[in-house]
Amino acid sequence: MKTITPKEVEERLRAGESLHIIDVREPEEVAAGKIPGAVNIPLGLIEFRMHELDKNEEYILVCRSGGRSGRAAEFLDSRGYRVINMTGGMLAWEGPVE
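According to the numbering used here, the stretch in the sequence shown is residues 7 to 104, in order.
Put into structure tokens, the structure is as follows:
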């Protein structure tokens with residue numbers, strides 16, 4: 007599984023790169039703050055909403071600590087999606103939130 011650090015994600019965003027970030031936490035967790043531009047698809051709904059994703063795009067998956075996003079990354083990767091797990095999750099995120 008490919009991984010990326012929160013600092014690398016923050017640097018890419020600051021550089022103006024357009025990233026596809028999926029936050030797999032529950033809506034009440036996301037309400038407390040998410041990476042700007044991230045789309046919330048809770049882990050339990052990934053299987054039912056993966057048709058919304060484009061297999062030609064690369065997605066960075068985020069959760070609270072990296073565990074749920076790791077499971078989501080393994081699931082999507084096994085189905086042909088290009089995914090990267092953000093290690094450490096939002097607990098390690100020091101960038102802006104919305």
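Backbone N, C-alpha and C fix where the C-beta goes; we use that ideal spot for every residue, glycine too.
Rounded to a whole number of angstroms, what is the C-alpha to C-alpha distance between residue i and residue j?
{"i": "L51", "j": "A21", "result": "31 Å"}
{"i": "P12", "j": "V30", "result": "15 Å"}
{"i": "E44", "j": "G101", "result": "Note that residue 44 is Ala in the sequence shown, not Glu. For A44 and G101, the distance between alpha carbons rounds to 13 Å."}
{"i": "N46", "j": "I90", "result": "16 Å"}
{"i": "G76", "j": "L67", "result": "8 Å"}
{"i": "R70", "j": "P48", "result": "12 Å"}
{"i": "I27", "j": "A79", "result": "12 Å"}
{"i": "L97", "j": "G72", "result": "9 Å"}
{"i": "S84", "j": "E34", "result": "28 Å"}
{"i": "G94", "j": "L19", "result": "17 Å"}
Could you check what DSSP says for residue i in three-state terms: helix, strand or coil?
{"i": "V36", "result": "helix"}
{"i": "L82", "result": "helix"}
{"i": "E64", "result": "strand"}
{"i": "M92", "result": "strand"}
Alpha carbons only, please: which of the options is nearest the one belonging to residue i?
{"i": "E58", "options": "A37, Y87, M7, P33", "result": "Y87"}
{"i": "E53", "options": "L82, V103, G94", "result": "L82"}
{"i": "W99", "options": "E14, E34, D60, Y65", "result": "E14"}
{"i": "E104", "options": "K8, E32, R74, I41", "result": "I41"}
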